[in-house]
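Note sheet for the following structure.
There are 2 protein chains.
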Amino acid sequence: MSNDTEQKYLVVFQPSGRQGYVPAGQTLLDAARDMGVEIESICGGQQTCGKCKIVADVGNFSKYGITSQEENLSPAGGDERDYWTKRKRDPGSYRLSCAACVLGDLVINVPEESQARKQIVRKSATVREIEIDPAIRQYFVKVQPAALGNRQGDWERLQESLAKTHHLSGLQIDYFALRDLQKVLRQGNWEATVTVWNGQEVIRVQPGYAEGVYGFAVDIGSTTVAGHLLDLRTGQILATESMMNPQTTYGEDLMSRISYGMMNPDGVDKMHKAIIEALSKLLKRATRAAKLQPEDVTELVLVGNTTMVDLLLGIDPVELGGAPFALPTNDAVDVKARDLGIVAHRGANVHILPVEGGHVGADNMAVVIAESPQVAEDIVLIVDIGTNAEILVGNKDHLLSASSPTGPAFEGGEISHGMRAADGAIEKVRIDRETLTPRFRVIGEDRWSDEMPAHEIQAAGICGSGIIDLVAELFACGIIDAGGKFVRETPSPNFRVTRQVGEYIVATAEQTSTGKEIVITQQDIRAIQFAKSALYTGAKLLMERRGVEKVDRVLLAGGFGAHIDKLRAMMIGLFPDCDLENVYPVGNSAGDGAVLCLLSRERRQRARQLARWIEYVETAIEPNFQARFVDALGLPHTTDAFPHLQGLIPERPAAEDVNNEDRRRERRRDRLSRRERVVVEE
Amino acid sequence: MSNDTEQKYLVVFQPSGRQGYVPAGQTLLDAARDMGVEIESICGGQQTCGKCKIVADVGNFSKYGITSQEENLSPAGGDERDYWTKRKRDPGSYRLSCAACVLGDLVINVPEESQARKQIVRKSATVREIEIDPAIRQYFVKVQPAALGNRQGDWERLQESLAKTHHLSGLQIDYFALRDLQKVLRQGNWEATVTVWNGQEVIRVQPGYAEGVYGFAVDIGSTTVAGHLLDLRTGQILATESMMNPQTTYGEDLMSRISYGMMNPDGVDKMHKAIIEALSKLLKRATRAAKLQPEDVTELVLVGNTTMVDLLLGIDPVELGGAPFALPTNDAVDVKARDLGIVAHRGANVHILPVEGGHVGADNMAVVIAESPQVAEDIVLIVDIGTNAEILVGNKDHLLSASSPTGPAFEGGEISHGMRAADGAIEKVRIDRETLTPRFRVIGEDRWSDEMPAHEIQAAGICGSGIIDLVAELFACGIIDAGGKFVRETPSPNFRVTRQVGEYIVATAEQTSTGKEIVITQQDIRAIQFAKSALYTGAKLLMERRGVEKVDRVLLAGGFGAHIDKLRAMMIGLFPDCDLENVYPVGNSAGDGAVLCLLSRERRQRARQLARWIEYVETAIEPNFQARFVDALGLPHTTDAFPHLQGLIPERPAAEDVNNEDRRRERRRDRLSRRERVVVEE
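Residue numbers (the working numbering), protein chains in the order written: chain A, 110 to 791; chain B, 110 to 791.
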């Protein structure tokens, strides 16, 4: 044991194994910092928070030539003993690294919970490892009390403490934090916990020592709004809540909301207020579930498609309905929650992710952040299916994105008996290859329709995944041809032709909740063909631009992607051929990406860079988009383009009339949309 | 005439006389910028704003060896001709410097209105010359329209234009400006006028070319709130409005407002809301008077004493009533008007001046900015009299400040017939040296009381300046002695002794509006002695600290300072001796300082530096303050300390009992304030 300050000792930090020579008498916390070993500390070495606790390793030091290290660490002083006494833990095994001083060679173990910038792993198709480094951090400070003769204001003395203890400088203070500063400092008897945003602004000051920084990550979907409440120190998800997007009152899909905004002078404002109110409600529910208050949330990350973000910000999305169009901004947006009217902490910031451009929104950027295609070696296709499908193709060398207007068919829209994925919706369908009769399963029921009494089934309609199943099965059984047209001669009791038009009965009147049959019509099949062709064509165009003939992996993002039968989806040509082993539903990637950006400043920075790096392709203006779209309307009927469908699809030529039929259909659609336009302009 | 780009020509700019050689073909605007001649321009050289107009001088060029300069400037092109045609002005005499190119040697006259950073002179005791460089500026831009294939957002393209045309970079945008951006750019057909705060944040975007940046400077007094609306391009005051501070409902003086806040749970909030509402009202009145809207005001400067600023920010001023105390901050504060709830432009900023410390507030800093004692060669004393008097002593080498608790006597408080300086208040008093009878003048009446019928006078009370006159006159006539005590033997019909206490009748029952006499009592005189002694002692202490025995100049700031008779004020010892020639009332210096800080970023910066440089002295803790205060209670009765009062005051010894009397009075005051304290704590 020596107090000679010239003397230096070897200190090894485990598990990183970093080592260096440290002047005698230095604290372990300082030693760790000097070596780049990041140990957590809220109080900045004031023996208050206990976040910097370490273990003087007793097992493993002999290999460093240390014979005993019992006396190589200064004994715990009064403050540290008090700290451990309160917590009934033996200071012998744990020590506060801000208090323990180096008096000899040491091997120190930094337990996981004491490591700053913790790595947390989030499971998904891709394993995600992230370093926790959120935009907001808490710092505990002791502030010099007001004194006669010291003319510095409270804020100036607080800044002095923050600079001294935590090396923070050039700070601003949010007005509301300044307003409450005097009261808080005195309440805490000149001790306070300060929340700092982005290393630049004090947004909250709490009296005394306080622990807990919380954030809220929300994916604002056109239909569903889902939010995760996170502990930003540990990365733990404390609560997850979701609700319907209240804007659905004003229009089911994006175009109808844009129209609503055009036709009603206060339409945009109403939809803006509706989503703001919903976010406040969701935040309240989530904080309640975690036994917290909305005021405890000091940072939010919001993602959504371009229309959702426009309405969130109170911007009229009419621009998005026209061409050419531009976004308000394609960079990330930081705005005070209070300016938007979201009820959270008054100083809370809302971060909205940047976008690549066009109709590809912040939610797509969140998907990129979650799935990291920009680091992939293999060629990845990511599709996020909604009213607009967002498509990404590429790998670390070149990544392209596009948006394809699939329309609402996959969400049950424009389908005779279509409905949302809710209880009672037919979500799975199989057709017997011999009898050509169907069996199905509805959401909320484990049994198939042929395993239960008909009157118990209560089918209400068909949702997107059910329709995909149905079209794939109809084709596999030869009930429809490769052009999507019903084969009139189909010998099935469930098939019939009424007024020259074929239809297939999926559920009989006894099997439904309405007492009426659920059928799929020729027109429904056409709607699905249009939707899947838009998606497929977009993907193929990006692949062509990328210079690849096939993709190695397909990631199906979003709730829809998680529920579809990937084989049958490929059978109808929803996405280009791929080994089904390498097709993954990745769940709500947009939400995951939002969570990651809540936890990591580096991810936010990366998103801003990726927004500029990813090549956005305006597929609508590609010269051969229309022709390719028409070509892709048919169902995969040869294994040329779909080698992985070998034996699964009937290989036969497309019906000759498919193209004529399509052209007729095309013209009708044009007329329809013209009519729609007239309505909108009234 | 030559288009050779290698060729350079002499260009002389008048009136500055700056000259240099300029490449042929360069515009005069660019040439001026290269030479550091600042010519105004909103549109950045797009021949739209006309702010950069110059005159090709026709008279004065021969001395530079130029024989003719008619052909040395490029002729006006289409855009410039259009500009002048619309304005019916001959383009021959005026030219747009952004359009006119150098084709030969030239002498150019930059008219005053085209000079950027105009010098404007504001008249006062000190002549103030300032360069207009406000925190907000307007820039006209043409933005690239949205186009297919360009994935930049509107904000990104706006930034590009601002960088290219106006060399602005690293800008942020206020949320509300971003929200309206798309609409505004399209309304203006991709032309817009952008208001930028502090070269860092876009706070307003207007469609097309717009002109007009306006600011509001307000001095929030305890009693009166006065605001000036300014054109920030020209420095012109467009409107001045004032109103009662609505907080007077909650307490006449600062201490009673602090008490109100302590005794009522929502007291602070009520007073906060009252002043915010008042500011919105005042701003509305001022903009209406100038035919503008509140939304046209994008910058505010507010000054006030520490209590006023606390209440403005919604901070409980209770801290200011205790000791030791600290201010929330002593630096300048910038806060969005919308966060305070002031109705102005949504992106408007409120700037509050920094303070030196203690009870010396932002209004005192404004006085410093207006009077610039920090550049004085001679020793200046500045006093701003209110319930607290702020005192500054020093010059460019060393400046000290202090605050002295004068109490409300000078505002008519604690005086038997005291009142505010309003119609009917006795503001001037003279006592005949022979008859010892008074004559007086009331506010709102030009005649003296002896020049008009008694019943027409309608005197209502005595205001501060009247009381000072009265005390000085009573002493000069020997009605009171140097201790301030009535001389019982006084042979005046207006003097009487009732129940052992003397009083002097100023106005008879016929002369008053109430039909009752207006008198001054022994107690009233004592109150004035206390007030003037606090001020005098503070000033003397600062002089001592500064190492000077006399001051060269006295500036009396504030409305009170403007109305008092400076000779009589010195006769009662309100301020230390000075040649009366060098005693100036400077009017509402605090308001002037606020105006200057609205017009000049440099002044704001200077204020922040001065706040740290000026030495704040806590007079209350000076060890000999109390003794000096008691010593200064008497009236100046020798010319030792007041050589300039030679022949004006009766030189005789102080009455022996003055000190005893004072001590009794002291004790009573102690009791009183203890009682007050009890009430407060109830």
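Yeah, the Cβ is synthetic: ideal placement off N, Cα and C, and Gly gets one too.
Checklist line | Within chain B, the residues that residue 425 of chain A reaches when beta carbons sit closer than 9 Å | finding: Here the neighbours are 291 and 292.
Margin query: For residue 469 of chain B, report the span of its alpha helix (DSSP H) as first-last.
Written below: No alpha helix (DSSP H) contains residue 469 of chain B, which DSSP labels as neither H nor E.
Notebook entry, point to check: If you follow the beta strand (DSSP E) that residue 315 of chain B is part of, which residue opens it and which one closes it?
Noted result: 310 to 316
Notebook entry, point to check: Roughly how many angstroms separate the alpha carbons of residue 752 of chain B and residue 677 of chain B, rounded to a whole number?
Noted result: 14 Å
Notebook entry, point to check: Using the C-alpha atoms, what's the distance from residue 533 of chain B back to residue 525 of chain B?
Noted result: 16 Å
Margin query: Would you say residue 121 of chain A lies against chain B (beta-carbon separation less than 8 Å)?
Written below: No - not a single Cβ of chain B is within 8 Å of the one on residue 121 of chain A.
Notebook entry, point to check: If we count the other Cβ atoms within 10 Å of its Cβ and call it buried at 16 or more, is residue 722 of chain B buried or exposed?
Noted result: Its Cβ having fewer than 16 others within 10 Å, residue 722 of chain B is exposed.
Next item on the list: Determine, using beta carbons only, whether residue 472 of chain B and residue 701 of chain B come nearer to each other than 8 Å.
Entry: no
Notebook entry, point to check: By how many angstroms is the C-alpha of residue 496 of chain B removed from the C-alpha of residue 358 of chain B?
Noted result: 17 Å
Check: Along the chain, where does the beta strand (DSSP E) that runs through residue 637 of chain B open and close?
Finding: Where residue 637 of chain B is concerned, there is no enclosing beta strand (DSSP E), although the alpha helix (DSSP H) it sits in stretches over 631 to 655.
Next item on the list: Assign residue 762 of chain A to one of three DSSP states: helix, strand, or coil.
Entry: Its pLDDT being 49, under 50, residue 762 of chain A is placed unreliably by the model, and nothing is read from it.
Margin query: Determine, for residue 444 of chain B, whether the minimum Cβ-Cβ distance to residues of chain A falls below 8 Å.
Written below: yes
Margin query: Counting only beta-carbon separations shorter than 8 Å, does residue 473 of chain B have a partner in chain A?
Written below: No, its Cβ sits nowhere closer than 8 Å to a Cβ of chain A.
Item checked: Length of the line joining the Cα atoms of residue 737 of chain A and residue 699 of chain A -> 29 Å
Margin query: For residue 263 of chain A, would you say it is in contact with chain B, using Cβ-to-Cβ distances shorter than 8 Å as the test?
Written below: yes
Notebook entry, point to check: Taking just the CA atoms, how far does residue 575 of chain B sit from residue 298 of chain A?
Noted result: 49 Å
Item checked: Stretch-stretch touch, CB-based, cutoff 8 Å, three pairs: the region 204 to 216 of chain B with the region 127 to 135 of chain B -> Counting Cβ pairs under 8 Å, three or more are found: they touch.
Margin query: Closest to residue 183 of chain B by C-alpha separation, out of B/144, B/137 and B/174, would be which residue?
Written below: Of the candidates B/144, B/137 and B/174, the one whose C-alpha sits nearest the C-alpha of residue 183 of chain B is B/137.
Check: What does residue 628 of chain A pair with, by DSSP beta-bridge criteria?
Finding: A/614
Checklist line | Three-state secondary structure (DSSP) of residue 684 of chain B | finding: coil
Item checked: Collapsed DSSP secondary structure at residue 483 of chain A in the structure displayed -> helix
Next item on the list: Go ahead and pull the three-state DSSP assignment for residue 129 of chain A.
Entry: strand
Notebook entry, point to check: Where does residue 762 of chain B land, buried or exposed, given buried means 16+ other C-beta within 10 angstroms?
Noted result: Confidence at residue 762 of chain B is low in this model, with a pLDDT of 49, below 50, so its placement is unreliable and the value that follows should be read with caution. Classification for residue 762 of chain B: exposed.
Margin query: Helix, strand or coil for residue 661 of chain A? Go by DSSP, reduced to three states.
Written below: Look at residue 661 of chain A here: in three-state DSSP terms it is coil, with no helix or strand label.
Notebook entry, point to check: Using a Cβ-Cβ cut-off of 6 Å (strictly less than) and excluding sequence neighbours within five positions of residue 465 of chain A, which residues of its own chain qualify?
Noted result: 510, 720, 723 and 725
Next item on the list: Note down, in chain order, each residue of its chain lying with its Cβ closer than 8 Å to the Cβ of residue 385 of chain B, except the 5 sequence neighbours on either side.
Entry: 421, 449, 450 and 451
Check: residue 337 of chain A lies in the beta strand (DSSP E); which residues open and close that run?
Finding: 333 to 340
Check: Between which two residues does the beta strand (DSSP E) carrying residue 192 of chain A extend?
Finding: Looking at the DSSP string, residue 192 of chain A is not in any beta strand (DSSP E); the run it does join, the alpha helix (DSSP H), is 187 to 195.
Note to self: My parser needs the alpha helix (DSSP H) runs of 4 or more residues fully inside the region 531 to 601 of chain B; what are they?
What the structure shows: Correct list: 563 to 566 and 573 to 585.
Next item on the list: Starting from the Cα of residue 145 of chain B, find the closest Cα among B/225, B/387 and B/187 and give me that residue.
Entry: B/225
Checklist line | Proximity below 8 Å, CB of residue 108 of chain B to CB of residue 523 of chain B | finding: With chain B represented from 110 up to 791, any question about residue 108 of chain B goes unanswered, as that position is not in the structure.
Next item on the list: State the Cα-Cα distance for the pair residue 577 of chain B and residue 717 of chain B, rounded to the nearest angstrom.
Entry: 36 Å
Notebook entry, point to check: Is the region 284 to 292 of chain B touching the region 318 to 325 of chain B, taking contact as three or more C-beta pairs under 8 Å?
Noted result: By the Cβ test, the region 284 to 292 of chain B is not in contact with the region 318 to 325 of chain B, since fewer than three Cβ pairs between them sit closer than 8 Å.
Check: Could you check where the beta strand (DSSP E) with residue 117 of chain A kicks off and where it finishes?
Finding: 117 to 123
Next item on the list: Going by DSSP, name the residue or residues bridged to residue 507 of chain B.
Entry: B/504
Notebook entry, point to check: With contact counted as at least three CB pairs below 8 Å, one residue from each stretch, are the region 428 to 438 of chain B and the region 261 to 269 of chain A in contact?
Noted result: yes
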